[in-house]
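Asker: Quick one: structure below, then a few questions.
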Amino acid sequence: MGQQISSALRQSMDRVVIMLARFLPGLLAFFVALAVLWLIGWGLSALLRKLLTSVRFDERVARKEDPGSPANLADWSPSNSPTLLISRTVFWACILAGIAVGISAFNASYSATPEISLFLLPYLTHATGAILLLLIGTLLARFLSRSVLIGAVNAQLHYARFLSLGVKWLVLVLAAAMALDHLQIGGTIVALAFGILFGGIVLTLALAIGLGSRDLVSRSIEKTIEKPTGAKPADVSSINEATETPRPKLRHF
Amino acid sequence: MSSLPMAEVSETVDMPRVQAASRPPTLVCMPAITADALHTVIDRLVTALPYGDILIASPDAPPDSHIDSPHDGQTVRTVPYPPQPVHAGWLLTAADYLAAANLAREHNASTTLLLGPEAASLSAEALHALCATVIQGADLALPRYNIGPHEGLVNAALLYPLSRALYGVESRMPLTLDAAFSARMANRFSVVARKPVSAGGDPMLWPAAEAAVASFTMREVAVGERVLPHPEASDLNSLLARIAGSLFSDVEAKAAFWQRARNVTPPVVAPPAAGQANPASSEDMEEVTSMSESFRNAYTNLQEIWSLVVPPQSLLALKKLSLMSPEAFMMSPNLWARTVYDFMLAHRLRTINRGHLLGAFTPLYLAWVGSHIRRADGDPAAAEQHIQETAAAFIAERPYVLGRWRWPDRFNP
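Protein chains in written order, with this note's numbering: chain A, 1 to 253; chain B, 254 to 666.
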């Protein structure tokens, strides 16, 4: 009896030691792959940075961009430098490639069948995709909420902040739902919850705008009806006549 | 429109002073003029420029056609206008300056007169004064129109004070509608405008700043009344963003020039009359009330964005302004000058998205406009005094922008 127990324990110990012996090289291979790709990424990004700086890439991009456009590369770049954006993208692409190679190497040394890698790699890419979706969603939400806030304030709407918050949460909810869907978490519950939340926000905004802008809309309709058909350009200009008559006519330009 | 005394601005050149002589032709470019207005302008040009040959270039003028001149030996003819995209309409762009400069070089013109839309409203005396100023030795002649106290507000609030403080140019209308320039100024425009025009878009060019940077002589000429063209369908926010964005980019490009120590003469500002309370008229007061309410709304909502751009003491001053009653609503010229400088710096540093930055600038500009209306109260003299006070404040705050520009992180006034 004692011998059997001892034998069972020894065998189990052996199995664990063998497993560890297989696991450690795999882990080491993972870190080596990561370190090598990190080095390659660092070298490539440094080379790119130097190359782009020498050809004055940032200045060239800035010259070609329209200052007021929201699609400016510089505005979306860290420290407003497209060079930095490109070099960092290359660096992180190498790191991601290193993780993928490391997992594959780890799995190859750990098990004869690539089951873990088959499971881990797609999940890793899904997770990366979901993180990217969340990141882009957050950036877009911030950008759009500011755009709406400024636009609404300049249109002299008193509920500008409310409108901006509504837009921000719309985009955030959309991004979160897309990320969860991408990760295949929650299934139909996410879709249902998203539909309810999104619909709720849109309905709230519509009610707020509809009720808040009642006077504005009626005034606008009245103006449209009263406006003569053959109005001169000077009459329809809203820039230089900032206010309605009989106030003093302002000419900004 | 109310009138400003022309003699206070600049000496108007009398027509007989410039003698007819054998000299290179004068080129007149009109990129944005209607066919009907073209004939009026040509008639006035023939009257206004009795000396030398006149070459007229316009997309609407049939090329190489001769026009009868009442002056002996004078040839007036049209020349082909270079093909270019449809003109923006209400404003001279870099493409217009480039086209005019190229034509001037091609025809060896000594003087070029570039006329904007609605140029038919310019008198023959005005056309003569612009050209004569260049013939007499100036490299650039910019017009000063007679405008009312509620007109040309962007020029008064932003373009004139900033150009004067940074470049030392005394042009009340840097965003000019017409300009006359010499051959070497044309060459300068050609060099400066070529790159942005070839890059596409519809870039602007700031002639007064270019003349200052090149150390060319610039003179302002009083030209009297002129119909100011209306910007085409667009809103104030996008137009102001375009103009201010272009100006801030130009200031950034010329930083090496204006950062050098320069003696900029502040304008002479008459002290306000004793007990000056400026009780604004009811119409003006209604406008100021509306603007102060809009500013209060803007402060409530945009405070977070403004705090990224302006330092705390300016933010506090803006808060105080937002709490003022319409009767007391007045943005001090120094606060306005510092705010403009802060936005200029944020534009350079890209503190926030440039579109957002310039959008958040509009309510501040309208606060200045509200203050201006209240201060002017329809009186051209009071309006002029406020504009000169604003210009003086921009000059007084020059050390502030120099410090922040050089050490944006370290400098904390």
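Beta carbons: idealized from backbone N, C-alpha and C, even for Gly.
1. Using only CA atoms, which one of Leu344/B, Arg397/B, Tyr334/B and Leu383/B lies nearest to Glu359/B?
2. Between which two residues does the alpha helix (DSSP H) containing Arg330/B stretch?
3. Tell me whether Ile648/B sits in a helix, a strand or coil according to DSSP, three-state version.
4. Could you compute how far the alpha carbon of Met457/B sits from the alpha carbon of Ser491/B?
5. Along the chain, where does the beta strand (DSSP E) containing Gly477/B start, and where does it finish?
6. Report the partner residues of His319/B according to the DSSP bridge assignment.
7. Scan the segment 392 to 424 of chain B and note each continuous alpha helix (DSSP H) run of 4 residues or more that stays entirely inside, going in chain order.
8. If you pair each beta-carbon of the segment 152 to 160 of chain A with each one of the segment 538 to 551 of chain B, do three or more pairs fall below 8 Å?
9. Taking the continuous beta strand (DSSP E) assigned at Asp431/B, which residues delimit it?
10. Determine the direct distance from the alpha carbon of Pro652/B to that of Glu557/B, and round the result to whole angstroms.
11. Could you tell me how far apart the beta carbons of Ala673/B and Met438/B are, in whole angstroms, since I believe they sit closer than 8 Å?
12. On a Cα-Cα basis, can you pick out the residue from Ala645/B, Gly612/B and Thr553/B that is closest to Ile496/B?
13. Cα separation between Lys168/A and Ala177/A?
14. Can you find the residues in the same chain that come closer than 7 Å, C-beta to C-beta, to Ile86/A, ignoring five residues on each side of it along the sequence?
15. Going by C-alpha to C-alpha distance, which of Thr83/A, Trp42/A and Lys50/A sits closest to Val61/A?
16. Where does Val563/B fall in DSSP's three states?
17. Closest Cβ-Cβ distance between Pro484/B and chain A: below 8 Å?
18. Go ahead and pull the three-state DSSP assignment for Val654/B.
19. Given that a residue counts as buried once 16 or more other Cβ atoms are within 10 Å of its Cβ, and exposed if not, what is Arg10/A?
20. With burial defined as no fewer than 16 other Cβ atoms inside 10 Å of the residue's Cβ, what is the status of His600/B: buried or exposed?
21. Can you find at least 3 beta carbon pairs, one from the segment 418 to 436 of chain B and one from the segment 642 to 656 of chain B, that sit closer than 8 Å?
22. Apply the 10 Å Cβ neighbour rule to Ala21/A and answer buried if 16 or more other Cβ atoms are within range, or exposed otherwise.
23. Across the segment 440 to 451 of chain B and the segment 476 to 490 of chain B, are there enough close Cβ pairs to call them in contact, namely three or more that are closer than 8 Å?
24. Pick out whichever of Met538/B, Asp431/B and Glu423/B has its Cα sitting closest to the Cα of Pro396/B.
25. Can you check which of these residues, Ala436/B, Leu619/B and Ser624/B, is closest to Glu580/B by C-alpha distance?
26. Taking only beta-carbon positions, decide if Ser147/A is within less than 8 Å of chain B.
27. Can you find a C-beta in chain B that's less than 8 Å from the C-beta of Ile103/A?
28. Examine chain A for any beta-carbon lying closer than 8 Å to the beta-carbon of Gly612/B, and answer yes or no.
29. How would you call Gln389/B, buried or exposed, if buried means at least 16 neighbouring beta carbons within 10 angstroms?
30. Under DSSP, the alpha helix (DSSP H) around Ile307/B begins and ends at which residues?
31. Would you say Leu250/A reaches chain B, if we count a Cβ-Cβ gap shorter than 8 Å as a contact?
32. So with CB distances below 7 Å, who are the chain A contacts of Thr615/B?
33. Within 8 Å of any Cβ in chain A, is that where the Cβ of Gly405/B sits?
34. Using a beta-carbon distance below 8 Å, is Asn355/B in contact with chain A?
35. Residues of chain A with a CB under 7 Å from the CB of Ile640/B: which are they?
36. Strictly below 9 Å CB to CB, what residues from chain A border Ala418/B?
Answerer: The answer reads as follows:
1. Tyr334/B
2. Arg330/B -> not in any alpha helix (DSSP H); beta strand (DSSP E) instead, spanning Val329 to Val332.
3. helix
4. 15 Å
5. Met471 to Gly477
6. Arg330/B
7. 413 to 420
8. yes
9. Asp431 to Ser435
10. 27 Å
11. As displayed, chain B neither begins before 254 nor continues past 666, which places residue 673/B out of reach and without an answer.
12. Gly612/B
13. 14 Å
14. Leu48 and Leu52
15. Thr83/A
16. coil
17. yes
18. helix
19. exposed
20. buried
21. yes
22. exposed
23. no
24. Asp431/B
25. Ser624/B
26. yes
27. no
28. yes
29. exposed
30. Here Ile307/B belongs to no alpha helix (DSSP H); instead the beta strand (DSSP E) covers Ile307 to Ala310.
31. yes
32. Asn154
33. yes
34. no
35. Here the premise fails: no neighbours, minimum Cβ distance about 14 Å.
36. Ordered by position in chain A, no residue passes the 9 Å Cβ test against Ala418/B, which lies about 21 Å from the chain.
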